[in-house]
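Novice: Sequences listed follow chains A, B, C, D, E and F, in order.
FYI, the numbering for the first sequence is 1 to 248, going by full-length UniProt numbering.
FYI, the numbering for the second sequence is 1 to 248, going by full-length UniProt numbering.
FYI, the numbering for the third sequence is 1 to 248, going by full-length UniProt numbering.
FYI, the numbering for the fourth sequence is 1 to 248, going by full-length UniProt numbering.
FYI, the numbering for the fifth sequence is 1 to 248, going by full-length UniProt numbering.
FYI, the numbering for the sixth sequence is 1 to 248, going by full-length UniProt numbering.
Idealized CB from N, CA, C, for every residue including glycine.
Since the structure is predicted, the reported quantities are computational estimates derived from the model, not experimental observations.
Number of protein chains: 6
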Amino acid sequence: MRLDGRQADELRPVTITLQPNKYAEGSVLIEFGDTKVLCTASIEERVPPFMKGQGKGWINAEYAMLPRATQVRNHRESAKGKLTGRTMEIQRLIGRSLRSVVDLQALGERTVTLDCDVLQADGGTRTTSITGAFVALALAVDKLNRNHAFAKYPITDFLASVSVGVIGERTLLDLNYEEDSKAKVDMNVVMTGARKFVEVQGTGEEAPFSRDELNTLLASAEEGIASLIAKQRDALGEKGSRIGTAVV
Amino acid sequence: MRLDGRQADELRPVTITLQPNKYAEGSVLIEFGDTKVLCTASIEERVPPFMKGQGKGWINAEYAMLPRATQVRNHRESAKGKLTGRTMEIQRLIGRSLRSVVDLQALGERTVTLDCDVLQADGGTRTTSITGAFVALALAVDKLNRNHAFAKYPITDFLASVSVGVIGERTLLDLNYEEDSKAKVDMNVVMTGARKFVEVQGTGEEAPFSRDELNTLLASAEEGIASLIAKQRDALGEKGSRIGTAVV
Amino acid sequence: MRLDGRQADELRPVTITLQPNKYAEGSVLIEFGDTKVLCTASIEERVPPFMKGQGKGWINAEYAMLPRATQVRNHRESAKGKLTGRTMEIQRLIGRSLRSVVDLQALGERTVTLDCDVLQADGGTRTTSITGAFVALALAVDKLNRNHAFAKYPITDFLASVSVGVIGERTLLDLNYEEDSKAKVDMNVVMTGARKFVEVQGTGEEAPFSRDELNTLLASAEEGIASLIAKQRDALGEKGSRIGTAVV
Amino acid sequence: MRLDGRQADELRPVTITLQPNKYAEGSVLIEFGDTKVLCTASIEERVPPFMKGQGKGWINAEYAMLPRATQVRNHRESAKGKLTGRTMEIQRLIGRSLRSVVDLQALGERTVTLDCDVLQADGGTRTTSITGAFVALALAVDKLNRNHAFAKYPITDFLASVSVGVIGERTLLDLNYEEDSKAKVDMNVVMTGARKFVEVQGTGEEAPFSRDELNTLLASAEEGIASLIAKQRDALGEKGSRIGTAVV
Amino acid sequence: MRLDGRQADELRPVTITLQPNKYAEGSVLIEFGDTKVLCTASIEERVPPFMKGQGKGWINAEYAMLPRATQVRNHRESAKGKLTGRTMEIQRLIGRSLRSVVDLQALGERTVTLDCDVLQADGGTRTTSITGAFVALALAVDKLNRNHAFAKYPITDFLASVSVGVIGERTLLDLNYEEDSKAKVDMNVVMTGARKFVEVQGTGEEAPFSRDELNTLLASAEEGIASLIAKQRDALGEKGSRIGTAVV
Amino acid sequence: MRLDGRQADELRPVTITLQPNKYAEGSVLIEFGDTKVLCTASIEERVPPFMKGQGKGWINAEYAMLPRATQVRNHRESAKGKLTGRTMEIQRLIGRSLRSVVDLQALGERTVTLDCDVLQADGGTRTTSITGAFVALALAVDKLNRNHAFAKYPITDFLASVSVGVIGERTLLDLNYEEDSKAKVDMNVVMTGARKFVEVQGTGEEAPFSRDELNTLLASAEEGIASLIAKQRDALGEKGSRIGTAVV
């Protein structure tokens, strides 16, 4: 048994609170155990310069941590005047992942920006962010659809993310901070409702891993993500019912 | 009556939630109506370079808004690479205000950093921040005191803040965003439990104001702050009982 | 008597030299004792993006100190690559104050930028800057008016600023650097020719102050500013004669 | 057959030129077809602050492109004043990969910085950089060893990297720029001489991929990397003979 | 004799390799002894904002060093976030020098950007850069001319640069790094094929110099540059044959 | 005759006002016609890190223009967040020039920083700055000497600077802004009291120049600088009497 009493293949308790923010077109407070992320989706009726005139939309993501999201206070990136490499890497990952389940043509010339702000961090902030950002995006697209129904619904499938890792000889699902800092192998997986991979990022800085170990990790992640997507469906209810109803 | 049904001298509903954050030495989620600010107090056992070797502590504050705290999404200061003048002005105000009720000698050589992160903004974010940051500071100092009782308690009085303004011919207390954008005169007041002023910042960019108008504004602010301090006392309960028990 | 021999309610010697700069539309070298500020007003026939298409003008201010304006050389903000919070706070204050006596509609779609560069600092640089910037602005508007008379004169009243403070038990007017660093309460006041307040910024970081003390401070500031405005009128002579001749 | 006449599982011509730079402790000019990267290894006899006093060394990497490494000239990051997210992501990847085959304890308190400067880019610059940086590192460590033999040789295994992707229905090895821009699935793999994975980064932004497709991609990458490591061994000759002779 | 066996008025071995880069409109790898600079010329069919609508072109230059171009690794300017004064000074010098032999009117509304990236530095990087950049520019203009012959050929003369200095009592040509660091007087000269000076920059920080010494230095530089221009002519061959055939 | 009535070899009226600043160890307001520069010399009893432990001092210079020093207002470098290449080039030139007449060993471990702030610009700001900075430096060193006489006087000679240029066929001394913008050849010369050159920077961007033209320019500059040094001697009087009394 793990330190917090979980089984190796057990997720932490997941909570999804819809619309905590009164202004955003979509917003979610998502919790994976003690990791808490506020995700908002903001719609603008224009696209970035490099997308102009293509009749397509864009999905953008930003990620940040509050200074005391962590055990020891960390410095604000705004005060330092630049983003760390870690932040840039995570926000590129979130944006790329969400775009994989959006038909940008169907979305039309508008931008949805997903802001993922970590209020409290206990490991897995990027996977929690992706999972929550998907729900915020779904709420925003549902709102657009109510005002003016899309000919083709722009979200083509569900999407969620989880971490897996190897500690000692065991493969563990959804690592918390303490487990993460002990893991020899660390992997983040993003998957769709159709159980297809969107991102597989495995790192064995401490100990390179074999193809068999990789397959064991992926199998665990696959089951974890399937559970997360079930929770997203429940949370969205009717608002998620049109997702993936059109073939892309 | 005001748009939201309040009397001219009525505060918005105030909510103070203690310790929403599991890591910070003190933390508060404070709400003035739809304005919501997460305040954390972080203790470090060292002081900034300019304070070294004086046997005294320091109180520092940082302030930020989440991108979608506002009706229209605002750009992150971390992405822009610099703080706006407005942010700097507010965080200097918060720090200065709190230092006025702290005996830095009694605190000892440590720094308390107050982070005020606006989750949702509907006017009065700086006054909400000061009022919440005081409670977070009180919790952190109480925690220090439990570990090792201070010879002299470092917090010398309660402290809260409110805005007042003139709209048309009326003096209104605790302006929300809509009222704030219509005000001819706008004033932020910070006051102690002993009803002494720490900061008085009045601006009549739209219409200069007379000494009489100033006095009316201050009288309204004074009552508003007294109510806020009563709510701080209630929220802190036993944890606030040692505040101001020593003469500075 | 004060260290420099002044009475408690006495200003330092004030000198206003018109047009020290041959290029600026308006320029003033203003001295409050040993504090010397070069103020220039520059006119551009366009407005910032956020003001476009409203048929109104804009007043903007920038403030800086030369490195050796101070007793100990301070680092250039251009070399550090960013403005300090203090600088931003002051230049926002100068701009806001001047806008309060300008009818932006009457000014038309043009920007006046006031640059306040402190050549030597001995306390009160922000109040000296506001008082001098007003005169530079008046010269620039007078020049515009000579080329093409305004239907409605854009400057609606005189404007000046002074500091007041409490040292020990005494209320002193127009603090120099040494007094300023000893003051328990420090207040900057901006007032119009009609004796209306535009800005009241009082800080009691060292010692909170009562309503009575505030009123004593304001009374002293009011008389000081009235004297400064008399000096502005003298300096401008005929060039200031149209100020405030139209009702806003 | 591919546009450049290669088989699906064929690498581009690989050239490894040792010591093109007369100052660096190790240097390599590596070419994967038209992609050319200059890799230098620089040794400093100190470690970064966060590693001090642990008796261990550190491996750091920096990555950049010359402005005309690309078909259309790209702007210098030094002129823009900040690194892009892509650059940060790549240099973090290079550093992490190389550290996986270095025994930092055995290396001792020194830092090896690997600079990977892309002289010409035709796809695969990050995999070319990792493969070349390993050789530069091996040369630098060999030089250290000649001056003063390590008790335990710090490099524990060979390491190389290659890209694989899916274009249409085909899995292709070592994509050039044109192929890369058409790929639905894009994967970068870093592997050791013992055929263990250090990094697996697969992205299906255009089209999510199944577990079977993932396995096909990994199989192709594995063979490609084995060939690259054979070329590294040849290039290093005697200088690479001590790699991996100690068990970690 | 000098440390490397040269006569006082002898250049280091010069190598000019044409078109090492497959994308740039013109590119040169130039070597003055151990100083190696990669120069690329990139053409854009537009001019910077300040040149718009004049029917003229522009020549721009950028200069940088790879981190390990030097004996001790130097920090990347991109990581520091700003260019050093030295870099700015050199790239302004390169641009100014090349513009002196280009008829911007004849060039037409396009920009040629010369990137000079120092791969290895052993003194004289700015003179090597100018000499190499001229050849890269000549290749790019020749390419433009082949596509669409210029009515008037835009390059009006050859141009090269060399350093001279005083060490002890001797005047030496083309200083390497070791000589440069010992020189009392250091001069960089840029000259045309017609033996006219474009830039003369002499510095006697260690020891001011007389007019006679200056003339001796210039005489040595003049001969050195004439030799360099002969090498440029050889390298360019037919591609340089139209240079200076039109009177400006 | 020139536009302002001067002969070709005539300086503009030169004014040197000593000690306009009450804090700086040395200060000068220098005017070359309408170009006005405030130069201050600030002494710190420490040296920059790269000079530590050598028992020698350092001379540093900074240069800036006020925004309305120019006909059209220019943007503050502090607001833009970085220095322009022109500013860096000028401040490096000022520092290097002054160091050529200072015996850093005799100065002892202290830094003198020369700030040259252009209040009004009408051409020749760098030559005016050097000429004024020398006087400010001389005042500061004289002040040091009065407190504690130097064994060897650290200033080894006088130093001044002037511009020369070619307009049409004429060589003109000390160009004003209008002349400067028409010059085909532009040269700045720095020279000592012993008529030795410290800096010769000639640029023929518009038209390369011959050795004869160069000699004519230098001859004119030499006479101009000799006149400027005579004015420096007069201004300094007794305070300049120890300059150059020791052989370096």
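Can you name the residues of chain F whose CB is closer than 9 Å to the CB of threonine 128/C?
Specialist: By 1-based counting over the third sequence, the position of residue 128/C is 128. Going along chain F, no residue has its Cβ under 9 Å from threonine 128/C, so there is no contact; the nearest lies around 16 Å.
Novice: Assuming valine 189/C contacts serine 161/C under a Cβ cut-off of 8 Å, what Cβ separation, rounded to an integer in Å, is found between them?
Specialist: Here residue 189/C refers to the residue found at position 189 of the third sequence. Here residue 161/C refers to the residue found at position 161 of the third sequence. Right, their Cβ atoms sit about 7 Å apart.
Novice: Measuring only the C-alpha atoms, how far is alanine 41/C from glutamate 109/C?
Specialist: For the purposes of this step, residue 41/C is taken as residue 41 along the third sequence, with counting starting at 1. For the purposes of this step, residue 109/C is taken as residue 109 along the third sequence, with counting starting at 1. Rounded to whole angstroms, alanine 41/C to glutamate 109/C spans 16 Å at the Cα level.
Novice: Check serine 97/E in the structure and name its three-state DSSP category.
Specialist: For this step, residue 97/E is matched to residue 97 along the fifth sequence. Note: serine 97/E maps to helix in three-state DSSP.
Novice: I need the boundaries of the alpha helix (DSSP H) containing asparagine 188/C, first residue and last residue.
Specialist: Walking along the third sequence from the start, residue 188/C turns up at place 188. From DSSP, asparagine 188/C is part of no alpha helix (DSSP H) but of the beta strand (DSSP E) over 185-192.
Novice: Which ranges does the beta strand (DSSP E) cover as unbroken runs of at least 3 residues, wholly within the UniProt domain "Exoribonuclease phosphorolytic" (10-140) of chain D, from first to last along the chain?
Specialist: Listed in chain order, the complete beta strand (DSSP E) runs (minimum 3 residues) inside the UniProt domain "Exoribonuclease phosphorolytic" (10-140) of chain D are 14-18, 26-32, 35-44, 58-65, 111-120.
Novice: Between the segment 140-173 of chain B and chain C, which residues of the former have CB atoms less than 7 Å from a CB of the latter, in chain order?
Specialist: So the list is empty, because no residue satisfies the distance condition.
Novice: Valine 247/C to proline 208/B, Cα distance in whole Å?
Specialist: Residue numbering aside, residue 247/C sits at position 247 when the third sequence is read from its first letter. Residue numbering aside, residue 208/B sits at position 208 when the second sequence is read from its first letter. Residue placement at valine 247/C cannot be trusted, given a pLDDT of 44 that sits under 50; the coordinates are not used to answer.
Novice: Quick one: what does DSSP say alanine 160/E is sitting in, helix, strand or coil?
Specialist: The residue you call residue 160/E lines up with position 160 of the fifth sequence. Three-state DSSP puts alanine 160/E in a strand.
Novice: Determine whether the Cβ of tyrosine 177/E lies closer than 7 Å to any Cβ atom of chain D.
Specialist: Residue 177/E sits at position 177 when you count from the first residue of the fifth sequence. By this cut-off, tyrosine 177/E is not an interface position.
Novice: I want to see whether chain D comes within less than 7 Å of alanine 246/A, judged by CB atoms only; does it?
Specialist: Position 246 of the first sequence holds residue 246/A. Residue placement at alanine 246/A cannot be trusted, given a pLDDT of 48 that sits under 50; the coordinates are not used to answer.
Novice: Measuring straight from C-alpha to C-alpha, what distance separates asparagine 147/A and glycine 244/A?
Specialist: Taking the first residue of the first sequence as 1, we reach residue 147/A at position 147. Taking the first residue of the first sequence as 1, we reach residue 244/A at position 244. Answer to the nearest angstrom: the Cα atoms are 19 Å apart.
Novice: So if I threshold CB-CB distances at 8 Å, which residues from the segment 37-52 of chain D count as touching chain E?
Specialist: The residues in question are Leu38, Thr40, Ser42, Glu44.
Novice: Going along chain F in order, which residues have a C-beta closer than 8 Å to the C-beta of phenylalanine 197/E?
Specialist: Within the fifth sequence, numbered from 1, the residue matching residue 197/E stands at position 197. Neighbours of phenylalanine 197/E on chain F, chain order: Gly202, Gly204, Pro208, Phe209, Ser210, Arg211, Leu214.
Novice: Can you pull the DSSP bridge partners for glutamate 199/A?
Specialist: Within the first sequence, numbered from 1, the residue matching residue 199/A stands at position 199. In DSSP, glutamate 199/A forms a bridge with Val190/A, Thr203/D.
Novice: Tell me, please, whether the CB atom of residue 336/E is closer than 7 Å to any CB atom in chain F?
Specialist: In the structure displayed, chain E extends from 1 to 248; residue 336/E sits before or after that span and is not available.
Novice: I'd like to know if threonine 113/D contacts chain A, where contact means its C-beta is closer than 7 Å to some C-beta of that chain.
Specialist: Counted from its first residue, the fourth sequence places residue 113/D at position 113. Output row for threonine 113/D: interface = no.
Novice: Which stretch, first to last residue, makes up the beta strand (DSSP E) that contains leucine 172/C?
Specialist: On the third sequence, residue 172/C is found 172 positions in, with the first residue counted as 1. Residues 170-173.
Novice: Could you check whether glycine 26/C and leucine 139/C sit closer than 7 Å to each other, using their CB atoms as the reference points?
Specialist: One-based indexing of the third sequence puts residue 139/C at position 139. One-based indexing of the third sequence puts residue 26/C at position 26. Cβ distance < 7 Å, so leucine 139/C and glycine 26/C count as in contact.
Novice: Per the contact definition of three or more C-beta pairs closer than 8 Å, is the segment 119-135 of chain E in contact with the segment 167-185 of chain E?
Specialist: Yes, they touch.
Novice: Relative to chain F, which residues along the segment 81-108 of chain E have a C-beta separation below 7 Å, given in chain order?
Specialist: Correct list: Lys82, Gly85, Met88, Glu89, Arg92, Arg96, Arg99, Ser100.
Novice: Let's see if you can read the secondary structure: which residues bound the alpha helix (DSSP H) around tyrosine 177/F?
Specialist: For the purposes of this step, residue 177/F is identified with residue 177 of the sixth sequence, where counting begins at 1. From DSSP, the alpha helix (DSSP H) with tyrosine 177/F extends over 177-182.
Novice: Going along chain D, which residues have a C-beta under 8 Å from glutamine 71/E?
Specialist: Residue mapping note: residue 71/E aligns to position 71 of the fifth sequence, counting from 1. Here the neighbours are Tyr23.
Novice: Is any beta-carbon of chain F found at less than 7 Å from that of glutamate 31/C?
Specialist: Stepping through the third sequence from its first residue, residue 31/C is reached at position 31. False, the Cβ-Cβ gap to chain F never drops below 7 Å.
Novice: Lysine 22/F: buried (16+ other C-beta within 10 angstroms of its C-beta) or exposed?
Specialist: In the sixth sequence, counting from the first residue as 1, residue 22/F sits at position 22. By the neighbour-count rule (16 or more Cβ atoms within 10 Å), lysine 22/F is not buried but exposed.
Novice: With DSSP collapsed to three states, give me the class of glycine 244/E.
Specialist: Position 244 of the fifth sequence holds residue 244/E. In the structure shown, glycine 244/E sits in coil (DSSP, three-state: anything other than H, G, I, E or B).
Novice: Name the DSSP bridge partner or partners of isoleucine 167/F?
Specialist: For the purposes of this step, residue 167/F is taken as the residue at position 167 of the sixth sequence. Its beta-bridge partners are Arg170/F.
Novice: Can you give me the Cβ contacts of methionine 187/B inside the same chain, cut-off strictly under 6 Å, excluding the 5 residues immediately before and after it?
Specialist: Numbered from 1 along the second sequence, position 187 holds the residue referred to as residue 187/B. The answer, listed in chain order, is Val164, Gly202, Leu217.
Novice: Using C-beta distances below 8 Å, list every residue in its chain close to arginine 170/C, excluding the 5 sequence neighbours before and after it, in chain order.
Specialist: Within the third sequence, residue 170/C is the residue found at index 170, counting from 1. Here the set comprises Ala8.
Novice: Determine the direct distance from the alpha carbon of alanine 194/D to that of leucine 93/D, and round the result to whole angstroms.
Specialist: Within the fourth sequence, numbered from 1, the residue matching residue 93/D stands at position 93. Within the fourth sequence, numbered from 1, the residue matching residue 194/D stands at position 194. Approximately 20 Å between the Cα atoms of the pair.
Novice: According to DSSP, isoleucine 225/C sits in a beta bridge with which residue or residues?
Specialist: The count along the third sequence starts at 1 and reaches residue 225/C at position 225. Bridge partners of isoleucine 225/C: none, in fact.
Novice: For glutamine 120/C, which residues in chain F fall below 8 Å Cβ to Cβ?
Specialist: Position 120 of the third sequence holds residue 120/C. In chain order: Asn21, Lys22, Tyr23.
Novice: Compare the C-beta of arginine 68/D with all C-beta atoms of chain E and state if any pair is closer than 7 Å.
Specialist: For the purposes of this step, residue 68/D is taken as the residue at position 68 of the fourth sequence. Arginine 68/D counts as touching chain E.
Novice: Do you know offhand how far arginine 12/A's Cα is from glycine 33/A's?
Specialist: Reading the first sequence from its first residue, position 12 is the one you call residue 12/A. Reading the first sequence from its first residue, position 33 is the one you call residue 33/A. In a straight line, the C-alpha of arginine 12/A is about 5 Å away from that of glycine 33/A.
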